[in-house]
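**Student:**
Numbering (my numbering), first residue to last: 28 to 133.
Encoded structure:
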């Protein structure tokens with residue numbers, strides 16, 4: 028199976044900064060204050076991060092941040108669910124699998 032190039036892209040230093048503040052639970056106005064940028068710029072950065080990693084909400088952004096900053100051994104455990112024999116999963120795929128919500132049949 029071919030990997031999506033976006034799954035291999037590491038966050039930029041500014042994206043990591045934003046992701047860390049989101050993971051800390053800060054609101055956009057507080058992130059803007061911390062980074063000395065406007066709220067509109069914060070929203071633009073968050074939108075770019077969400078598109079880049081195909082995320083749907085801030086919780087997923089925080090999870091991706093945690094996976095990117097975790098030590099490699101812990102990251103491997105988080106992504107594989109502790110089973111070392113499983114195939115390699117990217118952080119974005121791990122988030123997508125962990126956040127699936129069952130829906131009612133049609």
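Idealized CB from N, CA, C, for every residue including glycine. Since the structure is predicted, the reported quantities are computational estimates derived from the model, not experimental observations.
(1) CB residue 64 to CB residue 48, shorter than 8 Å?
(2) Can you check which of these residues, 36, 41 and 86, is closest to residue 54 by C-alpha distance?
(3) Where are the alpha helix (DSSP H) runs, 4 residues long or more, that stay fully inside the segment 30–90, in chain order?
(4) Under 8 Å between the Cβ atoms of residue 45 and residue 76?
(5) Given residue 73, which residues of its chain have a CB within under 8 Å of its CB, disregarding the five upstream and five downstream residues?
(6) Report the rounded CA-to-CA distance for residue 112 versus residue 78, giving the unit in angstroms.
(7) Could you tell me the alpha carbon to alpha carbon distance between residue 69 and residue 36, rounded to whole angstroms?
(8) Applying the criterion that 16 or more other CB atoms from any shown protein chain within 10 Å of the CB defines a buried residue, is residue 29 buried or exposed?
(9) Would residue 38 be called buried (16 or more neighbouring beta carbons within 10 Å of its own) or exposed?
(10) Nearest to residue 41 by alpha carbon, out of 62, 51 and 52?
(11) Specify the secondary structure class of residue 98 as computed by DSSP and reduced to three states.
**Tutor:** Reading off the structure:
(1) no
(2) 86
(3) 40–50, 55–62 and 66–80
(4) yes
(5) 45, 49, 55, 85 and 88
(6) Residue confidence is low: residue 112 scores 46 on pLDDT, short of 50, so the model does not pin down where it sits. No coordinate-derived value is stated.
(7) 20 Å
(8) Any reading at residue 29 must be qualified, since the residue scores a pLDDT of 49, below 50, and its modelled position is unreliable; the value itself is stated next. Residue 29 should be labelled exposed.
(9) buried
(10) 62
(11) coil
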